[in-house]
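Worksheet for the structure shown next.
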Amino acid sequence: MEGEPFSWERVHPIFSWYQTGKVNMTYEAVDRHVLNGKGEKTALHYISETENWSLTYRELQQEVNRWSHVLTASGVKKGDFVFVFLPKHPHCYIAMLAAINVGAVVGPLFEAFMEEAVRDRINDCEGEFLIADSSFLSRVHREEIPSLKTVFTTDKEAGEADISITKEAEKADDEFETVWVDLEDGLNIHYTSGSTGKPKGIIHAHRNMIQQYQTGRWVLDLKDDDVYWCTAHPGWVTGTVYGVFAPLLNGVTTVIHGGRFSAEAWYQVLEKAQVTVWYSAPTAFRMLKASGDKTLEKYDLSSLRHILSVGEPLNPEVIHWGVEALNLRIHDTWWMTETGAQLVANLPTRPIKPGSMGRPIPGIEVAVLDEGGEELPPFETGHLAIRASWPSIMKEVWKNEQKFNSYFPYGEEWYIAGDLAYLDEEGYVFFQGRSDDMINSAGERIGPFEVESKLLEHPAVKEAGVIGKPDSVRGEIVKAFIALNTGYKEGEELLEEIRLFVRGRLAAHSAPREIEVIQELPKTQISGKVLRRELKKGEIDQAG
Ligand code: 6R9
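Under the working numbering, the residue at position 412 of the sequence shown is numbered 403, and the numbers go up by one with no gaps.
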């Protein structure tokens, strides 16, 4: 209604629970569409180098139901954690939806995670169930994860796992009585890095669907006939919320591309699947741009009508490339794991100001605060703050109330993102960086502490300080400064060994691309903490 302020309650009537009082995200994302006559519509379209096939909403429902039977028969109950460690494949989507369908909290793990990243996450919340690809199982050391009761694999043979979920599912019924939950019950957990401490488990509730659905309409501009592709893996919150939940809640066809990035492969997916709405990230766009017009010219991308970006600053040059190469403006969006859904965005109907992430969507109020928590006028940079609360805000930080409260340093009124920004006179938000030491490399959020801790486990490393070094393609790269223990000599071989040490235990994206050996690290006088800021300043000064 014109003039009336938007209220999120206006979105509630689209959900079944508005009528029935029975809540489950999977029901709204899958079953509701089948009941509403959309059963024959394509839900998932899978494309890889060797495969190209689809599942309708009805087929997806049946598959999710069969997997749900296997999960409950294996003891998965409401509120349990079910981790999913699978590549980008329909199995990953089915596993997530089935876990939610049985009332569990799903924890998608990034496919690049190595053994210690996997172990630390499952141990933190004492996860009991894991659905994994058999080729990833060598990275799951069960003797180090005592809480883990049952490991399912998607292979037809259980092998090293306890149960083949696909084999058992073949024998299961394709109808399943949804496990009903409350809007406030846990939906998913994503571990995310801050500048201190180990990654924290951010838990979201089923109520998140309200904002996931609505931002799908407003920001992604999803319409009934859309073919939508979000390039992110569900291990990153974008791949979960905007790869799985938002498109399915909106009942569109969603594309899953298995395999690594290459400009050719990606353009092929856009062409083959006739993608209309495409959600990706600045690093990917920069890599496509770098692959040149000659590559692009080979493909017919005329189906595209709307492109969006998230995760890191979208440079104006990239927007200009989009206009020239694809004849479309790339729409930036801003949100965080903790916020559960987009909060600031360039809506398709509004003018774009290159360099700005857009404006708060209806129902969201942002401000920029100074160090004392007072609102700053336009064009003054300070802490980006969101007025609490909104439907998709995190429910809790697992077993860490102190961390949860740290997002509200000025009281309950304002959620503080940890980003620095300014607003212009029209309320457009301009990102200016992080207020902490978090690193953003190719959209991947990397906590320096986790990398430093890992470096220190290597016998040669005495001290370590890790920063994000500015990089023209990836935004930032992980750079480590280390001091060596006596008896170790600096040399290419040793540095490579140290790099592989981190890579092999955490993940490729966390491993320092550059390691510099220095005599001693700058530290604070009082607490002896490594002064990452000094290291970073030196790096930026050097780059001029
Ligand atoms: C969804 C997601 C959140 C942090 C966030 C900010 C950075 C996200 C951005 C952006 C500049 C954008 N970030 N979107 N920076 N422009 N459009 O990215 O979640 O992985 O938790 O990261 O990413 O610094 O605080 P997450």
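From the three backbone atoms N, C-alpha and C, an ideal C-beta is built for every residue, glycine too. Bear in mind the structure is a predicted one, so any value in this text is a computation, not a measurement.
Under 7 Å Cβ to Cβ from residue i, same chain only, skipping five residues before and after it: list those, please.
i: Glu551; result: As shown, the chain starts at -8 and ends at 535. That puts residue 551 outside it, with no answer to give.
i: Leu240; result: Glu19, Ala20, Met200, Gln203, Tyr204, Gly207
i: Gly188; result: Phe440
i: Ser184; result: Pro190, Met429, Arg436, Ile437, Gly438, Glu441
i: Ala86; result: Trp58, Val75, Leu77, Ile122
Look at the alpha carbon of residue i and the alpha carbon of residue j, and state the distance between them as a whole number of angstroms.
i: Asn431; j: Met278; result: 16 Å
i: Ser59; j: Leu88; result: 9 Å
i: Glu19; j: Tyr419; result: 33 Å
i: Gly363; j: Trp171; result: 44 Å
i: Pro368; j: Leu414; result: 8 Å
i: Glu467; j: Glu435; result: 10 Å
i: Gly234; j: Phe76; result: 16 Å
i: Phe74; j: Ala275; result: 27 Å
i: Lys29; j: Gln52; result: 11 Å
i: Lys280; j: Pro190; result: 33 Å
i: Arg494; j: Thr47; result: 39 Å
i: Glu262; j: Arg341; result: 27 Å
i: Phe440; j: Asp428; result: 9 Å
i: Asn337; j: His322; result: 5 Å
i: Leu292; j: Ser45; result: 21 Å
i: Gln265; j: Leu213; result: 15 Å
i: Glu530; j: Phe(-3); result: 46 Å
i: Ser282; j: Thr515; result: 44 Å
i: Pro238; j: Ala474; result: 48 Å
i: Ala152; j: Thr141; result: 8 Å
i: Cys83; j: Gly249; result: 11 Å
i: Glu507; j: Lys13; result: 57 Å
i: Arg425; j: Leu26; result: 45 Å
i: Glu525; j: Tyr182; result: 28 Å
i: His195; j: Thr231; result: 12 Å
i: Gly552; j: His197; result: With the chain running from -8 to 535 in the structure shown, residue 552 is simply not present.
i: Glu511; j: Glu454; result: 8 Å
i: Lys527; j: Phe472; result: 10 Å
Excluding five sequence neighbours on each side, which residues of the same chain lie with their C-beta closer than 6 Å to the C-beta of residue i?
i: Thr286; result: Ala254
i: Gln333; result: Thr206, Val210, Thr324, Trp326
i: Gln423; result: Thr372, Leu411, Ala412
i: Val335; result: Trp325, Met348, Gly349, Pro351, Val420
i: Val93; result: Ser59, Leu62, Thr63, Val67, Val170
i: Glu329; result: Ile193, Met385
i: Tyr479; result: Ala451
For residue i, collect the residues of the same chain with a Cβ closer than 8 Å to its Cβ; drop the 5 residues on either side in sequence, then sort them by chain order.
i: Trp(-1); result: Ile201, Gln202, Gln205, Gly354, Trp381, Pro382
i: Ser155; result: Phe143, Thr144, Thr145, Asp146, Lys147, Glu148, Ala149
i: Met(-8); result: For Met(-8), the pLDDT reaches just 45, beneath the cut-off of 50, and the residue's location in the model is therefore unreliable, leaving the point undetermined.
i: Ala498; result: Phe101, Ala103, Phe104, Met105, Ala108
i: His552; result: Here the chain covers residues -8 to 535 and nothing more, so residue 552 does not appear.
i: Gly70; result: Gly94, Ala95, Val96, Asp176, Gly177
Which partner residues does residue i have in the DSSP bridge list?
i: Asn43; result: Ile38
i: Asp323; result: Ser300
i: Arg251; result: Partner(s): none; Arg251 has no beta bridge.
i: Gly373; result: Ala412
i: Arg425; result: Asp410
i: Gly478; result: Gly478 pairs with nothing; no bridge assigned.
i: Phe472; result: Gly456, Glu507
i: Ser155; result: Thr144
Open item on the list: I want to know whether the segment 238 to 246 touches the segment 32 to 52 - three or more CB-CB distances under 8 Å.
Closed with: Segments in contact, yes.
Task: Three CB pairs or more closer than 8 Å across the segment 310 to 321 and the segment 382 to 394 - done: Counting Cβ pairs under 8 Å, fewer than three are found: no touch.
- [ ] Give a yes or no on contact between the segment 210 to 229 and the segment 89 to 106, applying the rule of three or more CB pairs nearer than 8 Å.
- [x] By the criterion of at least three beta-carbon pairs nearer than 8 Å, the segment 210 to 229 is in contact with the segment 89 to 106.
- [ ] Report yes or no: do the segment 460 to 480 and the segment 391 to 405 share at least 3 C-beta pairs separated by less than 8 Å?
- [x] At 8 Å Cβ cutoff, the stretches do not touch.
TODO: Determine, using beta-carbon pairs with one atom in the segment 296 to 305 and one in the segment 264 to 271, whether at least three such pairs fall under 8 Å.
DONE: The segment 296 to 305, when compared against the segment 264 to 271, does touch it at the 8 Å Cβ threshold.
Open item on the list: Assess contact between the segment 342 to 351 and the segment 213 to 222, defined as three or more Cβ pairs (one per stretch) separated by less than 8 Å. Is contact present?
Closed with: Cβ pair count under 8 Å is below three, so no.
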